[in-house]
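K.L.:
In my numbering, the protein residues as written are 1 to 548. Sharing a structure with you now.
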C-alpha cells in the first residue's frame, strides 16, 4: 500500500481548500461596501465580543461571535482603518473565520481550525513524551551525557523519587500530565526504598508540568509536612530573530507614550506605544494570565528598539500586511488552555467597595485546571507587587488570591474535589465520609488520606467548621529612595487595637484603612472516631475605608 503518497495528496488538497476558503472569506468582506468605512478601535486587552461591538457600532453592520471564542482577549489599536481590513486581521491573528449571517457576519472557529489547535497540542504532547521516555531509557543505560535537553538532564539526574514516579506513569497519565493537569501517584506505586528515602515517608506525590515554561513541579504529601515541593529547571530560552516589518523611517520614530510603571511596561502599553509611534494599526492576541507577568523593564526610545523588546519576550509571531501589524501567540494552544473567562475572573475581582476571597470562591478556584491555577497564581503574584505602593489593600487581596491558586493544603484540595451536595454538607459542619472504593469521592479521598499516618484505609472522614467575624486593619506603605515599596499590614479585632499597634511599631508611611469580613475555617480529618489532622485557614473579604 502506498500510504505516504496518499497522505501527502490529502494534505495538499486540504491546504488548497483552506487557502481557497480564506480567499473567499476575504473577498466576501471586501465586497461589502458597508465595511469599507474607516473606523477607530482602541482596546488594550478586551474580550473579542467587545471589539466586535465597537466595529458594529461604527459600521452599522450586525456582528456576532460564537460563545466558545467570545472571551478570548485582544489588543487592538487601529485608527481610521477600513473595517473589512481590521476584521480580516482579527480572523487571521486568532485563526478564526467569518461567515455571512443574515445582514451581518459571525466570527467563529471552524472545525478545521479546532482540529489545527488540537493538532498543535497533540504534536507537542507526543514530542515531549518521546523526549522524556527516551531520557529515561538513556538514564537506565547510564548514558545521561547523551540527553541533550539540559532541563531534562537536570530532572532525571536529580532526586530518585521524581524519576521513580515518572517511570510508573501510564499512557493516560502521560497524556493528562503533558496537557497541564496534575497527576497523583500514591505511595504504594513507588518502590519502598524510594518512598522512604531522604525526602521522608511520603503518602502521595503530585506531579505537575507547565508546557508554557517547560517547568516541572513535584508536590509531596506527608502527614508531618504537607505541601513540600521540588521543581525542575526550565529550558534555556532560544534567541528569536527580529522580524523585518518596519521601514527605516518607521523604525526610527520616537516613542512618546509614558507607561503607568516605568519599570514594568506591560504588553498592551508596549503595543499601544508602537502603534502611536509608527502610525500602523496593531492587532494582537492577549491572554493576561500568561502574558501580563511578562513585561519590558523600561520603555525603549524608538519604534525599532520597542519592537525588538517585544520580540524578545518570545510571546508572538509578528507579521505585517499593508499598514497593519499582527501579533499571533507563539504557543497559542497552551495560552488558551491556561486562560480563565473574563466573567469568571470578574466574580473574584469584586469592585472598589468590596473584594476578597471567600471559602466558596477558594473551592471554585481549586476546581480549575491545574494549568489555569498556575497561570492565575503567577498573574496574581505579579499584580500584588504591582499594586503594593498604589493600592496596598488590593495588593493584600492579590496575595491571597495567589496563595489560594497555588495552595498545596491537602484538606482544602479534598473539599474542592467534592460534588455540590457534598460540599454543602461539609460547609454545614457535618462530617463527610470519603471512600477509596467510591469513584465520586476517590480523588477527595486521596487528598484527605494523604494527611494520615497510613493511607491503607478504605474510608476516612473530613469536617469543616466555619466561624465568621469582622476585623479592622491598616496597611502602611513606605517608599524607599530606590523606588521600591514595603507594606506593613496589621489586623486586629478593634480599631483601637490597630491604632495602638501602629503607635507601638513607629512605622511611618501612607496608611490605608480597611475592615474585613473573615471566615475562619477549621478543617479536620480522621479515621473512625479518631481525629488525625487539623488545619486552620482564614479567608478575608476587604472593605476599604478611604474616609478614614
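All residues carry an ideal CB built from backbone N, CA and C; glycine is no exception.
Whole angstroms are fine: how far does the CA of residue 387 sit from the CA of residue 550?
P.N.:
The question about residue 550 has no answer here: the residues shown for the chain are numbered 1 through 548.
K.L.:
Closer than 6 Å by C-beta to residue 235: which residues in its own chain qualify, once you throw out the five before and the five after it? Chain order, please.
P.N.:
Residue placement at residue 235 cannot be trusted, given a pLDDT of 43 that sits under 50; the coordinates are not used to answer.
K.L.:
If you draw a straight line from the alpha carbon of residue 543 to that of residue 397, how long is it in whole angstroms?
P.N.:
Residue 543 and residue 397: Cα-Cα distance of roughly 11 Å.
K.L.:
If contacts are defined as beta-carbon pairs under 8 Å, then residue 194 and residue 161 qualify, I think. What distance do you get, rounded to the angstrom?
P.N.:
The pair is a contact, with the Cβ atoms about 5 Å apart (cut-off 8 Å).
K.L.:
Anyone know if the C-beta pair for residue 165 and residue 185 falls short of 8 Å?
P.N.:
For residue 165 and residue 185, yes; Cβs fall inside 8 Å.
K.L.:
Helix, strand or coil: which one does DSSP assign to residue 287?
P.N.:
Coil.
K.L.:
Output the residue ranges of the alpha helix (DSSP H) runs that lie fully inside the region 303-373 and measure 4 residues or longer, sorted by chain position.
P.N.:
Taking only runs of at least 4 residues, the alpha helix (DSSP H) segments lying wholly in the region 303-373 are 303-312, 332-338, 342-349 and 359-365.
K.L.:
Does the beta-carbon distance from residue 217 to residue 250 come in below 8 Å?
P.N.:
Against a cut-off of 8 Å, the Cβ pair of residue 250 and residue 217 comes out as no contact.
K.L.:
Do the CB positions of residue 223 and residue 452 come within less than 8 Å of each other?
P.N.:
Going by C-beta atoms, residue 223 is nearer than 8 Å to residue 452.
K.L.:
Since residue 72 is in the alpha helix (DSSP H), which residue starts that stretch and which ends it?
P.N.:
No alpha helix (DSSP H) contains residue 72, which DSSP labels as neither H nor E.
K.L.:
Flag residue 455 as yes when its Cβ comes closer than 7 Å to any non-hydrogen atom of the ligand NAD, and as no otherwise.
P.N.:
Because no ligand of any kind appears in the structure shown, any question about the ligand NAD cannot be addressed here.
K.L.:
How many Å lie between residue 280 and residue 117 at the Cα?
P.N.:
If I take the Cα positions, the gap works out to 29 Å.
K.L.:
Residue 496 by DSSP, collapsed to three states: which one?
P.N.:
Here residue 496 sits in helix by DSSP.
K.L.:
Quick check on residue 537: does DSSP put it in helix, strand or coil?
P.N.:
Residue state, collapsed to three classes: strand.
K.L.:
For residue 97, name the three-state secondary structure that DSSP assigns.
P.N.:
The answer is strand: DSSP assigns residue 97 an E or B state.
K.L.:
Near residue 2, which residues of its chain fall below 6 Å by C-beta distance, leaving aside the five closest residues on each side in sequence?
P.N.:
Any reading at residue 2 is ruled out, since the residue's pLDDT is 42, under 50, leaving its predicted position unreliable.
K.L.:
With 16 other CB atoms within 10 Å as the buried threshold, where does residue 23 fall?
P.N.:
Residue placement at residue 23 cannot be trusted, given a pLDDT of 41 that sits under 50; what the coordinates show is reported in the next sentence. Exposed.
K.L.:
By DSSP's criteria, residue 472 is part of a beta bridge. Which residues make up the other side?
P.N.:
Answer is 492 and 515.
K.L.:
Hey, would you say residue 178 sits closer than 8 Å to residue 211, going by beta carbons?
P.N.:
Taking 8 Å as the Cβ cut-off, residue 178 and residue 211 qualify as a contacting pair.
K.L.:
Nearest-angstrom Cα distance between residue 100 and residue 326?
P.N.:
The straight-line gap from Cα to Cα measures roughly 24 Å.
K.L.:
In its own chain, which residues sit with a C-beta less than 7 Å from the C-beta of residue 202, not counting the 5 before and 5 after it?
P.N.:
The answer, listed in chain order, is 187, 195, 220, 221 and 222.
K.L.:
Only counting the same chain, and skipping five residues up and downstream in sequence, which positions put a Cβ closer than 7 Å to that of residue 535?
P.N.:
For residue 535, where only same-chain residues beyond five positions count, the Cβ hits under 7 Å are 409, 411 and 523.
K.L.:
Going straight from the alpha carbon of residue 181 to that of residue 341, what length do you get?
P.N.:
Their backbone Cα atoms lie some 18 Å apart in a straight line.
K.L.:
Once the 5 residues before and after residue 310 are set aside, which same chain residues still bring their CB inside 6 Å of it?
P.N.:
These residues qualify, in order along the chain: 270.
K.L.:
Are residue 73 and residue 286 close, meaning C-beta to C-beta below 8 Å?
P.N.:
In this structure, residue 286 lies closer than 8 Å to residue 73 by Cβ.
K.L.:
Tell me which residue opens and which closes the alpha helix (DSSP H) that residue 389 is part of.
P.N.:
Here residue 389 belongs to no alpha helix (DSSP H), and DSSP marks it neither H nor E.
K.L.:
I need the DSSP call for residue 378, collapsed to helix, strand or coil.
P.N.:
It is helical.
K.L.:
Give me the Cα-Cα distance between residue 115 and residue 77, rounded to the nearest whole angstrom.
P.N.:
About 30 Å.
K.L.:
If you reduce the DSSP assignment to three classes, tell me which class residue 402 lands in.
P.N.:
Note: residue 402 maps to helix in three-state DSSP.
K.L.:
Does the region 489-498 touch the region 465-477, meaning 3 or more C-beta pairs lie closer than 8 Å?
P.N.:
The region 465-477 vs the region 489-498: in contact.
K.L.:
Ordered along the chain, which non-local residues of its own chain (more than five positions away) have a Cβ less than 7 Å from that of residue 238?
P.N.:
Since pLDDT at residue 238 reaches only 46, below the 50 mark, its modelled position is unreliable, and no value is offered.
K.L.:
Leaving out five residues before and five after residue 263 in sequence, what residues of the same chain have Cβ atoms less than 7 Å from its Cβ?
P.N.:
297 and 298, listed in sequence order.
K.L.:
From residue 460 to residue 515, what distance separates their C-alpha atoms?
P.N.:
The alpha-carbon atoms of residue 460 and residue 515 are separated by roughly 38 Å.
K.L.:
For residue 97 and residue 108, which I take to be in contact (beta-carbon distance under 8 Å), what is that distance rounded to the nearest angstrom?
P.N.:
Yes, they are in contact, since the Cβ atoms of residue 97 and residue 108 sit about 6 Å apart, within 8 Å.
K.L.:
Using 10 angstroms around the beta-carbon of residue 360, count the other beta-carbons present and answer buried if the total reaches 16, otherwise exposed.
P.N.:
By the neighbour-count rule (16 or more Cβ atoms within 10 Å), residue 360 is not buried but exposed.
K.L.:
Measure the CB-CB distance between residue 307 and residue 274 and report whether it falls below 8 Å.
P.N.:
A contact, by the Cβ cut-off of 8 Å.
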